Amino acid sequence: MRVRTAARDDILAAARRVAEREGARNLSLRSVAAEAGFAPATLYGYFRNKDELMLALAADDLGRLVHAMRDAAREGEDRLTAAASAALDLLANAETLAAASTAIAPEANGSEIGRLFNGRLIAALTTLAAAAGGPAESRESQTDIVLMGAALAGLAMLRRGGRLQALGFSVEEVLARLHQFPQTKQAA
């Protein structure tokens with residue numbers, strides 16, 4: 016089992032290098048196999064297709080996102096803005112998360128990698144809820160947290176494409192509005 020895990024980690028590391036060099040949207044199993052030193056068919060023993068590999072990379076990025084948000088929220092006086100800013104920085108620079116959005120098919124939810132991705136997504140939303148002032152226990156407060164997460168993802172997309180500045184907004188100005196969500200008002 017340890018050898019299989021090491022090989023999977025090698026494949027993911029190779030996929031990350033290829034994604035950084037060629038762009039996550041241009042990732043191919045053939046290029047990842049060449050980078051990892053495996054025959055292309057070998058990758059199918061670990062990932063069913065390119066979308067599943069992309070989802071695995073995105074799940075790793077979500078794990079990093081959770082750690083970055085937790086670390087930032089510990090240090091800042093304004094925990095929500097600190098966590099959101101850390102999330103935004105990672106989201107704006109993690110092309111795999113943006114590319115994975117097109118790779119997430121409903122049937123992926125039942126796969127091992129789909130469950131891993133969903134678990135990390137839940138962890139990210141839970142971390143955002145904690146930074147906003149506490150657990151999102153009601154359906155309404157959970158909806159607010161999902162909306163905040165979606166707003167951060169959209170904000171990252173606008174920032175990455177230079178559109179936020181073109182629209183005349185600063186990141187700080189938009190992040191300051193997060194406190195207008197009802198979930199954050201309850202904690203105040």
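First residue of the sequence shown? That's 16 in the numbering used here, and the numbers climb one at a time after it. For every residue, glycine included, the Cβ atom is placed at its ideal position computed from N, Cα and C. Computed from a prediction, not measured in an experiment: that's the story for all the values here.
Considering only residues of the same chain and omitting the five flanking positions on each side of residue 206, which have a CB-CB separation below 6 Å?
-> The structure shown does not extend to residue 206, since the chain is modelled only from 16 through 203, so no value can be given for it.
When DSSP labels each residue in this structure, what does residue 42 get in the three-state scheme?
-> coil
So, is residue 100 buried or exposed, given that buried needs 16 or more other C-beta atoms within 10 angstroms?
-> buried
Find out if the Cβ-Cβ distance for the pair residue 144, residue 160 is shorter than 8 Å.
-> yes
Pick out whichever of 92, 137, 69 has its Cα sitting closest to the Cα of residue 109.
-> 69
DSSP three-state assignment for residue 78, whether helix, strand or coil = helix
Given a cut-off of 8 Å, decide if residue 131 and residue 171 are closer than it, judged by their beta-carbon atoms.
-> no
Is it true that the CB of residue 73 sits closer than 8 Å to the CB of residue 115?
-> yes
Can you find at least 3 beta carbon pairs, one from the segment 54–65 and one from the segment 17–29, that sit closer than 8 Å?
-> yes
So what does DSSP say about residue 127, is it helix, strand or coil?
-> helix
Around the Cβ of residue 92, are there at least 16 other Cβ atoms within 10 angstroms (buried) or fewer (exposed)?
-> exposed
Using 10 angstroms around the beta-carbon of residue 187, count the other beta-carbons present and answer buried if the total reaches 16, otherwise exposed.
-> exposed
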